[in-house]
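Taking it in order: structure first as structure tokens, then the write-up.
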Amino acid sequence: MTALTPETRVMPRIEPPAERLSLLGLTRDAMREALINIGTPERQAKMRTSQLWSWIYQKGAEDFGVMTNLAKDFRAELEAHFTVARPEITTLQVSQDGTRKYLLKIAGGHEVEAVYIPDENRGTLCISSQVGCTLNCSFCHTGTQKLVRNLSAGEIVAQVMVARDDLDEWPEDGTPREGRRRITNVVLMGMGEPLYNFENVRDAMHIVMDNEGISISRRRITLSTSGVVPEILRAGEEIGCLLAISFHATTDAVRDTLVPINKKWNIEKLLETLRAYPRLSNSERITFEYVMLKDVNDSDDDARRLVRLISGIPAKINLIPFNPWPGSPYVRSSWGRIEAFAEIVNEAGYASPVRTPRGEDIMAACGQLKSASEKQRKSARKGATA
Ligand code: SAH
Ligand code: SF4
Numbered sequence: 013m014t015a016l017t018p019e020t021r022v023m024p025r026i027e028p029p030a031e032r033l034s035l036l037g038l039t040r041d042a043m044r045e046a047l048i049n050i051g052t053p054e055r056q057a058k059m060r061t062s063q064l065w066s067w068i069y070q071k072g073a074e075d076f077g078v079m080t081n082l083a084k085d086f087r088a089e090l091e092a093h094f095t096v097a098r099p100e101i102t103t104l105q106v107s108q109d110g111t112r113k114y115l116l117k118i119a120g121g122h123e124v125e126a127v128y129i130p131d132e133n134r135g136t137l138c139i140s141s142q143v144g145c146t147l148n149c150s151f152c153h154t155g156t157q158k159l160v161r162n163l164s165a166g167e168i169v170a171q172v173m174v175a176r177d178d179l180d181e182w183p184e185d186g187t188p189r190e191g192r193r194r195i196t197n198v199v200l201m202g203m204g205e206p207l208y209n210f211e212n213v214r215d216a217m218h219i220v221m222d223n224e225g226i227s228i229s230r231r232r233i234t235l236s237t238s239g240v241v242p243e244i245l246r247a248g249e250e251i252g253c254l255l256a257i258s259f260h261a262t263t264d265a266v267r268d269t270l271v272p273i274n275k276k277w278n279i280e281k282l283l284e285t286l287r288a289y290p291r292l293s294n295s296e297r298i299t300f301e302y303v304m305l306k307d308v309n310d311s312d313d314d315a316r317r318l319v320r321l322i323s324g325i326p327a328k329i330n331l332i333p334f335n336p337w338p339g340s341p342y343v344r345s346s347w348g349r350i351e352a353f354a355e356i357v358n359e360a361g362y363a364s365p366v367r368t369p370r371g372e373d374i375m376a377a378c379g380q381l382k383s384a385s386e387k388q389r390k391s392a393r394k395g396a397t398a
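Read in order, the letters of the sequence shown are residues 13 to 398 in this note's numbering.
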């Protein structure tokens, strides 16, 4: 087999359809109501919702024309008022390691990124919850960009749908083929703080988890938060997915500088809340994400403090080698240091996998999102004026 070479495809621009309500991301109740509003008799609305739901989320229909079990004039009505079109993929980049990065254009001309990371036994789709982020973690490139806006539930679920389109994984009969899925896991680890966009993230994840929808188990969905303490238990109750915490430091002084939300809800408050997370157990452990920054948070003392702090919490510690971006103020810890840190954590009884940076050649690794597209646009502008 020939090795994959990095590849960038710039897609042709297709203007989105005129102002029609997108059905993507609506709850069942909201979809039912929308159907009644266009004149569907109330006694039929529930069944029509189920039919539409199946076409949209089990079969991946991109327009109403293919929905052959619906009457022709009803389809025309739907077409006149609604859309199930996806956001446009403006750029698709494929890394040498098989990672695929989608740059999607959403309403208002904003752009958002999702990344597909294939592995031996799984395929993980990393999705975004906001355009940019209001928090300013000092090691994260997304945090240096101005927040533009929250994504709608439809824009969140559409990231999964676009990736399924690209990976050609809509089963023709609508029944997911277990063991043959390409997207097995979803992580909310792209751009944005998911708990600052709670309702939309929740509604989108309900669709992703729905057995009659995209049907990915709640235990294969991980929401990563920087530590929005008042929303954490609510996430456990109302979404029920697994939780990852961007921990990154073992003293408040250091965490204040890395993850400034710590000034509002410090390590003690965060840990107290985590201990109460619903269904916390060895099979549903919390992931502590820990970015390895040379001489900032990577000493043996840090490793020992970390295991003391989290003692009693069923946890796994995911060590993330820092991914640099243009102008970033930190340096990645050496591999020797990362291994020594991992060893201490491991000896204390916690799994401590080191997250292999994926898709670095296309700026798709953790914390790098958005930068490539901004850079590309800048160089495109330069090219245009030269
Ligand atoms: N806002 C959420 C989710 C998105 S970030 C959060 O902060 O948890 C996903 C993970 O990537 C977080 O753990 C984040 O701290 C980490 N990350 C951000 N920038 C990084 C960088 N430059 N290198 C490595 N990891 C980074
Ligand atoms: Fe926002 Fe997460 Fe980046 Fe912090 S690490 S700036 S919370 S995206």
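A virtual CB, placed ideally from N, CA and C, is assigned to each residue, including glycine. Quick caveat: nothing in here was measured; it's all calculated off a predicted structure.
Q: Specify, as a first and last residue, the run of the beta strand (DSSP E) that Val303 falls within.
A: As a working note, residue 303 is residue 291 in the sequence shown. Taken as a continuous stretch (DSSP letters only), the beta strand (DSSP E) holding Val303 covers Ile298 to Met304.
Q: With a threshold of 8 Å, establish whether the CB of Gln380 neighbours any heavy atom of ligand 1.
A: Against the sequence shown, residue 380 aligns to sequence position 368. Yes, since a heavy atom of ligand 1 falls inside the 8 Å radius drawn around the Cβ of Gln380.
(Q) Checking 9 Å against the spacing of the C-beta atoms, do Lys150 and Gln171 come in under that value? (A) The residue you call residue 150 lines up with position 138 of the sequence shown. The residue you call residue 171 lines up with position 159 of the sequence shown. Before going further, note that residue 150 is Ser rather than Lys in the sequence given. Taking 9 Å as the Cβ cut-off, Ser150 and Gln171 do not qualify as a contacting pair.
Q: Any chance you could list the residues with Cβ under 5 Å from a heavy atom of ligand 2, keeping chain order?
A: Cys145, Leu147, Cys149, Cys152, Thr154, Gly155, Glu205 and Ser238
Q | Integer Cβ distance of Leu254 from Glu296, believed to fall under 8 Å | A | By one-based count along the sequence shown, residue 254 stands at place 242. By one-based count along the sequence shown, residue 296 stands at place 284. Between Glu296 and Leu254 the Cβ distance is about 6 Å, and since that is below 8 Å, they are a contact.
Q) How big is the Cα-Cα spacing for Asn223 and Pro338? A) Your numbering for residue 223 matches position 211 in the sequence shown. Your numbering for residue 338 matches position 326 in the sequence shown. Each residue's Cα considered, the two are about 43 Å apart.
Q.
On the DSSP bridge list, what partners appear for His93?
A. Position 81 of the sequence shown, counting from 1, holds the residue named residue 93. His93 is not bridged to any residue.
Q) Run through DSSP, which three-state label would Val343 get? A) Counted from its first residue, the sequence shown places residue 343 at position 331. Note: Val343 maps to coil in three-state DSSP.
Q | Beta-carbon gap between Leu444 and Ala165 smaller than 9 Å | A | This structure does not reach residue 444, given that the chain is present from 13 up to 398, and the question cannot be answered.
Q | Pick from Ala377, Val213 and Lys328 that is closest to Leu38, judged by C-alpha positions | A | Taking the sequence shown and counting its residues from 1, the one referred to as residue 38 is at position 26. Here the closest residue by C-alpha is Val213.
Q: Give a yes or no on whether the C-beta atoms belonging to Asp314 and Thr262 are separated by under 9 Å.
A: For the purposes of this step, residue 314 is taken as the residue at position 302 of the sequence shown. For the purposes of this step, residue 262 is taken as the residue at position 250 of the sequence shown. Between Asp314 and Thr262, the CB-CB gap stays under 9 Å.
Q. Is any heavy atom of ligand 1 found at a distance shorter than 8 Å from the C-beta of Met203?
A. As a first step, residue 203 is located in the sequence shown; it is residue number 191 there, counting from the start. Met203: yes, Cβ under 8 Å from ligand 1.
Q: Indicate the three-state DSSP secondary structure (helix, strand or coil) for Thr234 in the structure shown.
A: Taking the first residue of the sequence shown as 1, we reach residue 234 at position 222. Here Thr234 sits in strand by DSSP.
Q) Any idea which residues DSSP pairs Lys117 with across the strands? A) Here residue 117 is taken as the residue at index 105 of the sequence shown, counted from 1. DSSP lists Glu100 and Glu123 as partners of Lys117.
Q | Meets three-Cβ-pair contact criterion under 8 Å: the segment 192-212 and the segment 240-251 | A | Yes, the segment 192-212 is in contact with the segment 240-251.
Q) With respect to 8 Å, is the separation between the Cβ of Val124 and the closest non-hydrogen atom of ligand 4 below this value? A) You won't find ligand 4 in this model; what it holds is ligand 1 and ligand 2.
Q.
Distance check for Glu100 and Gln380, CA to CA, integer angstroms please.
A. Against the sequence shown, residue 380 aligns to sequence position 368. Against the sequence shown, residue 100 aligns to sequence position 88. Between Gln380 and Glu100, the C-alpha separation is close to 22 Å.
Q. At what residues does the beta strand (DSSP E) containing Lys328 begin and finish?
A. In the sequence shown, counting from the first residue as 1, residue 328 sits at position 316. Here the beta strand (DSSP E) through Lys328 covers Ala327 to Pro333.
Q. Quick one: is the Cβ of Trp337 within less than 8 Å of any heavy atom of ligand 1?
A. Within the sequence shown, numbered from 1, the residue matching residue 337 stands at position 325. Yes, Cβ of Trp337 sits closer than 8 Å to a heavy atom of ligand 1.
Q. Can you tell which of Asp75, Ser311, Asp215 and Arg40 has its C-alpha closest to the C-alpha of Lys58?
A. Sequence index remark: in the sequence shown, residue 58 carries index 46 (1-based). Among Asp75, Ser311, Asp215 and Arg40, the Cα nearest to that of Lys58 belongs to Arg40.
Q | CB contact flag (Asn294, Thr234, <9 Å) | A | In the sequence shown, counting from the first residue as 1, residue 294 sits at position 282. In the sequence shown, counting from the first residue as 1, residue 234 sits at position 222. For Asn294 and Thr234, no; Cβs fall outside 9 Å.
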